[in-house]
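Residue numbers in the sequence shown follow the working numbering, run continuously in steps of one, and reach 150 at the last position. Even for Gly, the Cβ is constructed at its ideal location relative to N, Cα and C. First comes the structure, then the notes that go with it.
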Amino acid sequence: MKKALLIAGFILFAGSLSYAQSFEYKTITVVESIVPNGLGRSRMISSEENRDYKEFTTERSEDSDQRNKSDRGEIRLKNFEETKLLNFFNMGGIRFQNIAANDAVVTSKLNALAGEGWELAFVNSGVESYSGEDDDGGIFITRYVFKRLK
1 MKKALLIAGF ILFAGSLSYA QSFEYKTITV VESIVPNGLG RSRMISSEEN
51 RDYKEFTTER SEDSDQRNKS DRGEIRLKNF EETKLLNFFN MGGIRFQNIA
101 ANDAVVTSKL NALAGEGWEL AFVNSGVESY SGEDDDGGIF ITRYVFKRLK
């Protein structure tokens with residue numbers, strides 16, 4: 001009977017440990033220019049600093065109009081990693097070699113993060129382009145979100 005209770009207690013304790021896991025997250029952003037003639041800038045950006053979102057968050061309700069007293073400039077950071085990438089276009093149009101080269105550089109970063117224990121949690125991407133009169137540009141942006149145990 002004592003052994004059964006001890007085993008049951010151990011199983012409950014071990015089960016509760018799996019729910020107590022804590023993760024940290026990291027975001028890598030890739031911005032690839034879709035500006036014709038190779039005039040744009042393409043980069044992979046990784047923050048080397050943390051920010052606490054609470055410092056820049058304001059709670060609002062019908063009864064109050066509290067504004068966050070912090071300056072937007074305080075959100076900016078100076079410690080980040082910037083990796084140059086090639087533009088999708090040059091004078092001749094789409095450069096598939098540039099796309100393949102960017103893929104190789106991004107894959108290298110993803111492999112390095114995996115080696116540091118980061119696991120790719122999800123990917124989000126989109127394109128921004130005005131497409132209005134005389135539109136000559138835009139960006140393709142991809143965010144890679146990683147997680148690992150703290």
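Between residue 34 and residue 137, which are expected to be in contact by the criterion C-beta below 8 Å, what is the C-beta distance as a whole number of angstroms?
-> Sequence index remark: in the sequence shown, residue 34 carries index 34 (1-based). Sequence index remark: in the sequence shown, residue 137 carries index 137 (1-based). Indeed they touch by this definition, with Cβ atoms about 7 Å apart.
Taking only the alpha-carbon atoms, compute the straight-line gap between residue 61 and residue 41 and give it to the nearest angstrom.
-> As a first step, residue 61 is located in the sequence shown; it is residue number 61 there, counting from the start. As a first step, residue 41 is located in the sequence shown; it is residue number 41 there, counting from the start. Rounded to the nearest angstrom, the two C-alpha atoms are 41 Å apart.
Identity of the residue in 57, 94, 47 nearest residue 81 by Cα | Here residue 81 refers to the residue found at position 81 of the sequence shown. Nearest of 57, 94, 47 to residue 81, Cα basis: 47.
Using the C-alpha atoms, what's the distance from residue 72 back to residue 150?
-> Here residue 150 refers to the residue found at position 150 of the sequence shown. Here residue 72 refers to the residue found at position 72 of the sequence shown. Whole-angstrom Cα-Cα distance: 29 Å.
Reference residue 91, options 36, 3, 139, closest by Cα = Looking up residue 91 in the sequence shown gives position 91. Answer by Cα proximity: 36.
Mapping DSSP to helix, strand and coil, what is residue 95?
-> Locating residue 95 in the sequence shown gives position 95, counting from the first residue. DSSP places residue 95 in coil when its eight states are reduced to three.
Under 6 Å Cβ to Cβ from residue 123, same chain only, skipping five residues before and after it: list those, please.
-> Counting from 1 along the sequence shown, the entry for residue 123 is found at position 123. For residue 123, where only same-chain residues beyond five positions count, the Cβ hits under 6 Å are 144.
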